[in-house]
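Input: a single structure, listed below in structure tokens.
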Amino acid sequence: MIADAADRRPPGVALVDLSHPIVTGMPQWPGDAQPLRVVRLCDHGDGPCRSSRLELGCHVGTHVDAPGHFLAGAPGVAEMSPDRFCGPAVVIRPACGSTGTVAPGPLGPAVLDGVDLGGADFVLFDTGWSRHWGQPAYYASWPWLSEPLAARLAEAGLKGVGLDTPSLDDRDGRAAHDLFAAAGMVNLENLANLGSLPSAGFLVLALPLPLVGAEASPVRAVALLERTRRPIGGGSGAFGDVQVP
Ligand SMILES: [Zn+2]
Numbered sequence: 014m015i016a017d018a019a020d021r022r023p024p025g026v027a028l029v030d031l032s033h034p035i036v037t038g039m040p041q042w043p044g045d046a047q048p049l050r051v052v053r054l055c056d057h058g059d060g061p062c063r064s065s066r067l068e069l070g071c072h073v074g075t076h077v078d079a080p081g082h083f084l085a086g087a088p089g090v091a092e093m094s095p096d097r098f099c100g101p102a103v104v105i106r107p108a109c110g111s112t113g114t115v116a117p118g119p120l121g122p123a124v125l126d127g128v129d130l131g132g133a134d135f136v137l138f139d140t141g142w143s144r145h146w147g148q149p150a151y152y153a154s155w156p157w158l159s160e161p162l163a164a165r166l167a168e169a170g171l172k173g174v175g176l177d178t179p180s181l182d183d184r185d186g187r188a189a190h191d192l193f194a195a196a197g198m199v200n201l202e203n204l205a206n207l208g209s210l211p212s213a214g215f216l217v218l219a220l221p222l223p224l225v226g227a228e229a230s231p232v233r234a235v236a237l238l239e240r241t242r243r244p245i246g247g248g249s250g251a252f253g254d255v256q257v258p
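Start counting the sequence shown at 14; every next residue gets the next number (the numbering used here).
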């Protein structure tokens, strides 16, 4: 008999999935026209087993960028220790409009006012934008980090920054990518479920595949929280809308 994985989890620890599912044919970065599919090589019934092949770009769905994405000579994902992709995180929640999402456009450094970054390895921006995932609006425009905000984050001694949008920068920009790459930071993009997280007091893990020569990798990003924390948003579930196993 196979034991349930939850049985082996340390007591009092809950896990929240911060990743979008990878689905054949799903939307990807504008202009990225590479195949995106799970190809079945053989299957139950007409073969000895199910076996599949992946065809996808390294920046598909929820993914991590290494500094080598924008900085020549900087490391790719396989050249970095797994430790660089996990650590304590804080969540920034800029003011939302009536739509429940932050308006597309640059976020200024004022969003950090009053935020204690001490002890944090990652800063995650919950803009609500992931509610557009799978729709044309998602890649049309989005909230992004202004250069003054990115500069402050790059000086904060962080391992990385994450957003629930397609990119740190706007569609044609690169200021935040350049600043973070120079600081040796990683970028988490297309995160999901950030609205279910507390503002602090949890770990984020976004481990890339060790793809030698690659500057990015899709990840199954997760947050680890204390199960005993109070419900987020007053929901009756342990962590609001997210089902905690
Ligand atoms: Zn990327």
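Beta carbons: idealized from backbone N, C-alpha and C, even for Gly.
- Around ligand 1, the residues selected by a Cβ distance under 6 Å to any of its heavy atoms are H72, H76, D78, E202 and A229, following chain order.
- In the structure shown, the three-state DSSP call for F135 is strand.
- Ranked by how close their Cα comes to the Cα of L216, the residues A227, L158 and A236 have A236 in first place.
- With a cut-off of 8 Å on Cβ pairs, the segment 174–185 is not in contact with the segment 62–71, counting fewer than three such pairs.
- When beta bridges are read from the DSSP output, F215 appears opposite A102.
- CA-to-CA, the gap between A227 and L49 works out to about 17 Å.
- Distance from the CA atom of L166 to the CA atom of D126, rounded to whole angstroms, is 12 Å.
- In the three-state DSSP reduction, V128 falls in the coil class, being neither helix nor strand.
- Counting C-beta atoms within 10 angstroms of its own C-beta, C71 has 16 or more neighbours from the protein chains shown and is therefore classed as buried.
- Under DSSP, S230 takes part in a beta bridge, and its partners are V77.
- DSSP places A27 inside the beta strand (DSSP E), whose first and last residues are V26 to D30.
- Contact between G208 and D139 is confirmed by a C-beta separation of about 6 Å, below the 8 Å threshold.
- In this structure, the CA atom of C109 is about 46 Å from the CA atom of D56.
- The C-beta of A234 has 16 or more other C-beta atoms within 10 Å across all chains shown, which makes the residue buried.
- A straight-line Cα-Cα distance of about 15 Å links S32 and A229.
- Taking C-beta atoms under 8 Å as the contact rule, P231 and T75 qualify, at a distance of about 7 Å.
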